[in-house]
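First to last, the sequence lines map onto chains U and H.
Residues 2 to 311, numbered by my numbering, are exactly what the first sequence covers, in order.
Residues 38 to 575, numbered by my numbering, are exactly what the second sequence covers, in order.
Here a beta-carbon is modelled for each residue, glycine too, at the ideal position from N, C-alpha and C.
Given the structure is predicted, the values throughout are model-derived calculations rather than measurements.
Working notes for the structure below.
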Amino acid sequence: MSIILHLVTYLALLIFIIAIVVRYLRIRNYPLNLRWEIYPIPHEGKRSIHGGSKMEESEYWTRNHKPDWIRELMFMIPEMVFIKGLFDHNRKLWYRSFPFHFGLYMTAAFACLLFVGSMLELAGVMITGPAASGLAVVLNKITGAVGTMGMVLTIIGGLGLLVMRLSDPDLKPYTNGSHVVNLLVIIATMALMFAALVTAPSHLAPMRAYLSDLVTLSLKAPIPDPLTGIAVAAASLLVAYIPLTHMSHFFVKWFTWHRIRWDDEPNVRGGRIEVMIQKALTYPVNWRANHIRGDGKKTWADVATGEIEK
Amino acid sequence: MSKQQTNFKLESISQPNRQWTHVEETDLMPLPPNTLRPDEEPPWKQLTDAEREKYEASLDDTLILDIPKPRTKEDEKELIRKFLDGVTRLFNKADNWPFLRPLVLTMEHCANCQTCSAACHIYEASSGNPAYRPTCRSEILRRIYYKYIKSDGAYFGRWRHGDIDLNWTTVARLAELSYRCNLCRRCAQACPLGADNGLVAREIRKLFSQELDIHTKELHDNGSVLQLKVGSSTGMNALVVKDNMEFIDEEMSEKTGMTIHTPWDKSGADILLIHNAGEIMAWPENPGAFSVIFEAAGVSWTLSSDALGYDSINYGLFYDDFMLARVVLKHAEAAKKLGVKKIVFGECGHAHKALTVIADRILTGDLNIPRESAMTVLRDIVMSGRLKLDPTRNDFPVTLHDPCNMTRMMGIIAPQREIIHTICPRFREMNPHGVNNYCCGGGSGFAIHSRHNFPDWRFKVAGRKKLSQILEAFSDCLDPSVRKYICAPCSNCKGQFRDMLDYYKLWENHSILYGGLVELIVNAMTDIKPGFIEWERH
Chain U
2 MSIILHLVTY LALLIFIIAI VVRYLRIRNY PLNLRWEIYP IPHEGKRSIH GGSKMEESEY
62 WTRNHKPDWI RELMFMIPEM VFIKGLFDHN RKLWYRSFPF HFGLYMTAAF ACLLFVGSML
122 ELAGVMITGP AASGLAVVLN KITGAVGTMG MVLTIIGGLG LLVMRLSDPD LKPYTNGSHV
182 VNLLVIIATM ALMFAALVTA PSHLAPMRAY LSDLVTLSLK APIPDPLTGI AVAAASLLVA
242 YIPLTHMSHF FVKWFTWHRI RWDDEPNVRG GRIEVMIQKA LTYPVNWRAN HIRGDGKKTW
302 ADVATGEIEK
Chain H
38 MSKQQTNFKL ESISQPNRQW THVEETDLMP LPPNTLRPDE EPPWKQLTDA EREKYEASLD
98 DTLILDIPKP RTKEDEKELI RKFLDGVTRL FNKADNWPFL RPLVLTMEHC ANCQTCSAAC
158 HIYEASSGNP AYRPTCRSEI LRRIYYKYIK SDGAYFGRWR HGDIDLNWTT VARLAELSYR
218 CNLCRRCAQA CPLGADNGLV AREIRKLFSQ ELDIHTKELH DNGSVLQLKV GSSTGMNALV
278 VKDNMEFIDE EMSEKTGMTI HTPWDKSGAD ILLIHNAGEI MAWPENPGAF SVIFEAAGVS
338 WTLSSDALGY DSINYGLFYD DFMLARVVLK HAEAAKKLGV KKIVFGECGH AHKALTVIAD
398 RILTGDLNIP RESAMTVLRD IVMSGRLKLD PTRNDFPVTL HDPCNMTRMM GIIAPQREII
458 HTICPRFREM NPHGVNNYCC GGGSGFAIHS RHNFPDWRFK VAGRKKLSQI LEAFSDCLDP
518 SVRKYICAPC SNCKGQFRDM LDYYKLWENH SILYGGLVEL IVNAMTDIKP GFIEWERH
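Here's what the structure looks like:
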């Protein structure tokens, strides 16, 4: 049983990584899209406060405009941590979505802290017990607090979102099975983890021990208690599940913002964008309308430069 | 919340009936108190039975596409087959490289959280009509895609993505529904995930145009095709446009006391100015004012008489990538031929976006000629002191409309304000404005669509938020004894304002006029005769 559980976790981590890499490469390898930015764009610097762009300058192409990464970061951090856009535009949903997402971040932080603790234990540092140092005790307490709060927040937010999805007239017509299942899977996993956390006799120790076993490939190490085993299995499956669903927006958002919404990179003669455009113009056209008459052989360049039938 | 909203089901789009959704006039978003009297709100004309007999008009209360009703079952099947071919191409790398990435990411990652709905002026003006949500058309396309193209399995797919039946009714209604959006992309600006349901509306229009030859005749036959055929979507060829500009020069000379001579085809000029040719026909004082300013400021500039070189319109932006690219290339070729340093656009929002931002990834090599907004050129002229300006000549309330294509999609917001703050002492902003503006309601070419009862929808629904903003901006001076000016530096927006002010009789009853930015500049010039702006309906 122990071996199976360990294998499930390894497999889940593998699926997580592969799914993200595959999706990342798929999106990255789409052809260059036309510029489709929306202002304000924070890397425009000071002028982004009023939503302005470099195109507010006369002959803007004659100057070198360096993106203001600090301002971009100042925009991104509140967006990533607090979902500021939702706070600004949809407060009703934010009250549910923020605890849900922030809870997940805290749960992820909990996993990281557990991992740090387990590595320290492997290195011979005692985290609990009379021989534990003051710092180790703090680490243990923080880990427990972050985990507990994270799971509770996720459950509260998740339940709020579920109720809203199923009852709110704005959301209900658009709610499908995957919305409901995604939320249920997360809520159930968090509930199991929470139960394991608060009921395990030695609190965090079993989870740390499990992580150490994963690192040292001790597949046969016994599972400390059944509930922890079930919780670990559920958490592993959740890790594998998330990147396979539209919840992969946790990293896809990078593309929607940086490669579309804020993508104002100009096309300079002889530059890399020009090369990509030239390639795209050789793609065959299949559209069949009378003003195009694509046949799979004519290219975009052929159609765009050809005479239109009059 | 109305019964229609609470009982709404997306799947019902495929159920044939007289009308899928209805906008009750009494449900429309209220206008600001103490502004328009109830009797100033004209009644909404209904579609006639004859119109409904002839065309597929079962979406809502109006009609724009004129899709003929099918005569046989084979017609229906053919439409569905072609539609599915088009959907396939939308998601194909070669066929849709220009927008594949944003489309796929929106399809896969929109959470349907409806945050965008609150940002949409059409949804708000209709008091929350569920069919007008930005997500509605996207979700219909998404369900069709996953059910009929991706085929995730009959049961699993339906469970995972939601269900929809594909028939003639669904396809025809979806086509119409893609024209209930101004493509202003305020929805995309509000999306916390970076999805773009405005883009999806355009992609649906594109699918119908590029695969099924379904588009409006105003945008396609009388728009892009005519432009490529004779040089301008106004129908003016080079001879006619030069003749008209000569007449405008004479008018301007007489009106200002300056001798105005608009230069044509001047090789090596610094600036090739491209007007929206609609200005020359409908608002000649606008290109005339440009000539006055450029001549008075000693700018090295020219117009082009090459086909398309004198008309910056590019309706492809609203419905078709190929028509967009064809027009872009012709504009660039005209500039290349003259060897100008840069292309400058007159007061036309969509031309700005099409040739500056969009064309940036179409034009290569020596066709990639620098392109700039007139707003910055004018700002430099005004702020440089090259013109003698007296703001007291503009001593009347002025508000500024921000064209979406120029502001939200290009970030050109400050230059026009610098000018207005300099020359208009009684300027007041709309709320919100700038990058958070609302569309005029004529966006994506709606301003040139006046068939059937579409204008009623255009003014009562699409334009209602802007109307409300205008009335609020002038709420302290609505009395007709005070003349007021909406500055709209965009031909399409001006078209909407012209028709909407007429519809609500805002000039007659409240002395609200509209016009461009250059007219305000010339009106403030002290070296010319006073009174350039003529306070009369036009």
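Straight-line gap, residue i to residue j (C-alpha atoms, nearest Å)
| i | j | result |
| --- | --- | --- |
| U:L211 | U:G158 | Looking at the sequence itself, residue 211 of chain U is Tyr, so the reference to Leu does not match. So the two alpha carbons sit approximately 28 angstroms from each other. |
| H:E571 | U:I42 | 39 angstroms |
| H:T393 | U:H102 | 39 angstroms |
| H:A306 | H:V381 | 12 angstroms |
| U:H44 | H:Q533 | 34 angstroms |
| H:G363 | H:K114 | Here residue 363 of chain H turns out to be Arg, not Gly, going by the sequence shown. Rounded to the nearest angstrom, the two C-alpha atoms are 32 angstroms apart. |
| H:P70 | H:T58 | 28 angstroms |
| H:Q300 | H:G294 | According to the sequence provided, residue 300 of chain H is Pro. The question's Gln does not apply to it. Rounded to the nearest angstrom, the two C-alpha atoms are 18 angstroms apart. |
| H:C218 | H:S481 | 8 angstroms |
| U:T283 | H:N133 | 13 angstroms |
| H:A344 | U:L33 | 30 angstroms |
| H:R210 | H:H252 | 14 angstroms |
| H:I460 | H:T413 | 16 angstroms |
Contacts around residue i, its chain only, beta-carbon distance under 6 angstroms, and the 5 residues preceding and following it disregarded
| i | result |
| --- | --- |
| U:F88 | W95 |
| U:I309 | H292 |
| U:R48 | none |
| H:R239 | L220 |
| U:E73 | P43, H44 |
| U:I28 | F256 |
| U:M191 | M152, T155, I156 |
Test: residue i CB closer than 9 angstroms to a CB of chain H
| i | result |
| --- | --- |
| U:K55 | yes |
| U:N91 | yes |
| U:N65 | no |
| U:R72 | no |
| U:A290 | yes |
| U:A281 | yes |
| U:T257 | yes |
| U:I274 | yes |
| U:T155 | no |
| U:A254 | In the sequence as presented, Ala is not what sits at residue 254 of chain U; that position holds Lys. Judged by the 9 angstroms Cβ criterion, U:K254 is in contact with chain H. |
Neighbourhood of residue i by C-beta, 7 angstroms cutoff - its chain only, sequence neighbours within 5 removed
| i | result |
| --- | --- |
| U:V147 | M107, A110, F111, L114 |
| U:P207 | A201, P225, D226, T229 |
| U:I16 | A241 |
| U:W263 | E38, I42, H44 |
Residue i versus the options, residue with shortest Cα-Cα distance
| i | options | result |
| --- | --- | --- |
| H:Y522 | H:Y541, H:R454, H:L554 | H:L554 |
| H:D86 | H:P69, H:H489, H:S505, H:L508 | H:H489 |
| H:S261 | H:V381, H:E573, H:V498, H:D348 | H:D348 |
| H:G231 | U:L154, U:W255, U:L163 | U:W255 |
| H:P469 | H:K266, H:K91, H:R223 | H:R223 |
| H:F331 | H:L142, H:R416, H:L508 | H:R416 |
| H:R574 | H:K46, H:S518, H:D536, H:L137 | H:D536 |
| H:G353 | H:W134, H:S246, H:P75, H:P526 | H:S246 |
| H:K378 | H:D357, H:V336, H:L361, H:P79 | H:V336 |
| H:I104 | H:K110, H:E111, H:S95 | H:S95 |
| H:N234 | H:N274, H:R180, H:L140, H:G268 | H:L140 |
Proximity test, Cβ basis, 9 angstroms: residue i and chain U
| i | result |
| --- | --- |
| H:K303 | no |
| H:M412 | yes |
| H:D286 | no |
| H:G448 | yes |
| H:Q247 | yes |
| H:L345 | no |
Sequence-distant residues of the same chain with beta carbon closer than 8 angstroms to residue i, five excluded per side
| i | result |
| --- | --- |
| U:P386 | Because chain U here runs from 2 to 311, residue 386 of chain U falls outside it and cannot be looked at. |
| H:Y185 | L121, V124, L203 |
| H:H458 | F464 |
| U:V269 | E275 |
| H:I395 | L354, L361, V365 |
| U:S54 | Y40, I42, E45, R48, D265 |
The ligand MN heavy atom lying under 8 angstroms from the CB of residue i
| i | result |
| --- | --- |
| H:R488 | The model on display carries no ligand, and the ligand MN is accordingly not part of it. |
- Query: Given 8 angstroms as the limit, is there contact between the region 467 to 478 of chain H and the region 437 to 457 of chain H, that is, 3 or more CB pairs closer than that?
  - Reply: Touching, yes, given that three or more Cβ pairs across the two stretches are closer than 8 angstroms.
- Query: Is the region 416 to 425 of chain H close to the region 67 to 78 of chain U, with three or more CB pairs under 8 angstroms?
  - Reply: The region 416 to 425 of chain H, when compared against the region 67 to 78 of chain U, does not touch it at the 8 angstroms Cβ threshold.
| Segment contact, 8 angstroms Cβ cut-off, at least three pairs: the region 317 to 329 of chain H with the region 278 to 295 of chain H | In this structure the region 317 to 329 of chain H lies against the region 278 to 295 of chain H, because at least three pairs of beta carbons, one per stretch, are closer than 8 angstroms.
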